[in-house]
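In what follows, a structure is listed as structure tokens, so that the remarks can point back to it.
Protein chains: 2
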Amino acid sequence: MYQKKLPEDLECGITITMRSFGGKWKPCIIDAIDKGFRRPSELHKVITEATPRVIDLQLRELETAGIVYKETGSGFPLYTAYYLTEKGESILPILALMNSWGLQNKSGVHDLQHQKKNRVICI
Amino acid sequence: MYQKKLPEDLECGITITMRSFGGKWKPCIIDAIDKGFRRPSELHKVITEATPRVIDLQLRELETAGIVYKETGSGFPLYTAYYLTEKGESILPILALMNSWGLQNKSGVHDLQHQKKNRVICI
DNA sequence: TCGGATACTGATAAATTTATCAGTATGGAT
DNA sequence: ATCCATACTGATAAATTTATCAGTATCCGA
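Written out as structure tokens, the structure reads:
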């Protein structure tokens, strides 16, 4: 992970929260895992816009943050699956709230430059 | 505002939410305004780590997003005050939830590089 | 032994956000 | 006329996050 130079208040709950799962793909990944897409290849299939590399980096950070954990089978084909920890599950209500707020407040987002894509999140 | 090149899913509630008040200082500013610090100079006094310029930029974006609005008196000294719109107020419960989640999950944040500072948020 | 499927990594570039610096403008008091 | 307090702005740099590209490694089955 990047070594920060600008200070951050780690006593602030919101800052901690943002650091923990505030990335571009993290909510999406948490939601997808919760829905049963646990393997990296599955995650990539449902989050098509993010490359496997990017998903992998995010998974690594979520793992470090104690939000997901990994189980590896040494069989064939290579099998890895990610699961939400208890901490990870405790995030779901927040995501649900954020999602519903966002949907209720779509109108203000006058960002006409992009097309919509399929995403897992959007609970 | 910056003209984005990478696509974003504006049908996703979470993405919209993040765009709306997901910046580094936005939650902090929203909280401070809610607490009655309404003038730019006041905001800077309680959010000492951010320069007036930065606070101003964030206010501008919050205004565009319809989260705060501005009232200007033409008296002396120059008087401007920002208030939360209804939409802005509807964010407060989310911030509270994020804040409490963060405080309950401090432990995982092993970011030893920074010292704590005073911040308004941390409801 | 080769190739396909899966998971993962290192190095680097591009995009985005945040910060810095040096200003402008207003009105009143000195 | 000058200065102070307040709010604001333009241009640019620095920091941070996200993406890209080209790999490595393992296992099995043809």
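Protein chains in written order, with this note's numbering: chain A, 47 to 169; chain B, 47 to 169.
Each residue gets a CB set at the ideal place from its N, CA and C atoms; glycine is no exception.
Keep in mind the model is a prediction, meaning the values are calculated, not measured.
{"Asked": "If we cut at 7 Å on Cβ distances, does B/A96 have a partner in chain A?", "Found": "no"}
{"Asked": "Using C-beta distances below 7 Å, list every residue in its chain close to A/Q104, excluding the 5 sequence neighbours before and after it, in chain order.", "Found": "G69, W71, K72, I75"}
{"Asked": "Taking the continuous beta strand (DSSP E) assigned at B/A78, which residues delimit it?", "Found": "B/A78 -> not in any beta strand (DSSP E); alpha helix (DSSP H) instead, spanning 72 to 80."}
{"Asked": "Does the beta carbon of A/M144 come closer than 7 Å to any beta carbon on chain B?", "Found": "yes"}
{"Asked": "Are B/L108 and B/V114 touching if we call contact CB-CB under 7 Å?", "Found": "yes"}
{"Asked": "Beta carbons nearer than 9 Å to chain A: which residues of the stretch 82 to 110 of chain B have them?", "Found": "E95, T110"}
{"Asked": "To which residues of the same chain is B/P98 closer than 6 Å at the C-beta, ignoring the five residues directly before and after it?", "Found": "H90"}
{"Asked": "Could you pull out every residue in the same chain whose Cβ sits closer than 6 Å to the Cβ of A/A96, ignoring the five residues on either side in sequence?", "Found": "W71"}
{"Asked": "Which one of A/R85, A/L56, A/Y48 has the shortest CA to CA distance from B/S153?", "Found": "A/L56"}
{"Asked": "Straight-line CA distance for A/Q49 to A/R85?", "Found": "29 Å"}
{"Asked": "Quick check on the DSSP output: what are the complete alpha helix (DSSP H) runs of length 4 or more inside the stretch 96 to 144 of chain B, in order along the chain?", "Found": "98 to 110, 132 to 135"}
{"Asked": "Label B/Y129 either buried or exposed according to how many other C-beta atoms from any shown protein chain fall within 10 Å of its C-beta, with 16 as the threshold for buried.", "Found": "exposed"}
{"Asked": "Would A/Q161 be called buried (16 or more neighbouring beta carbons within 10 Å of its own) or exposed?", "Found": "Note that A/Q161 has pLDDT 32, beneath the 50 cutoff, so the model's placement of it is unreliable and the number below is only indicative. Result: exposed."}
{"Asked": "Output the boundary residues of the alpha helix (DSSP H) element that contains B/K51.", "Found": "From DSSP, B/K51 is part of no alpha helix (DSSP H); its letter is neither H nor E."}
{"Asked": "Take A/F83 and list the residues in its own chain whose beta-carbon comes closer than 6 Å to its own, dropping the five residues that flank it on each side.", "Found": "L89, V92"}
{"Asked": "A/L143: which of B/F67, B/K51, B/T63 sits nearest, CA to CA?", "Found": "B/T63"}
{"Asked": "Less than 8 Å between the CB atoms is what I'm expecting for B/G59 and A/S146, so what's the real figure, rounded?", "Found": "6 Å"}
{"Asked": "When the Cα atoms are used, what is the spatial distance from A/K116 to A/T110?", "Found": "11 Å"}
{"Asked": "Taking just the CA atoms, how far does A/M47 sit from A/A127?", "Found": "22 Å"}
{"Asked": "For B/L56, would you say it is in contact with chain A, using Cβ-to-Cβ distances shorter than 7 Å as the test?", "Found": "yes"}
{"Asked": "Drop a sphere of 10 angstroms on the beta-carbon of B/L158, count the other beta-carbons inside from all chains shown, and report buried for 16 or more, exposed for fewer.", "Found": "With a pLDDT of 35 at B/L158, under the threshold of 50, the predicted position of this residue should be treated as unreliable, though the coordinate-derived value follows. The residue in question, B/L158, is exposed, as its Cβ has fewer than 16 Cβ neighbours within 10 Å."}
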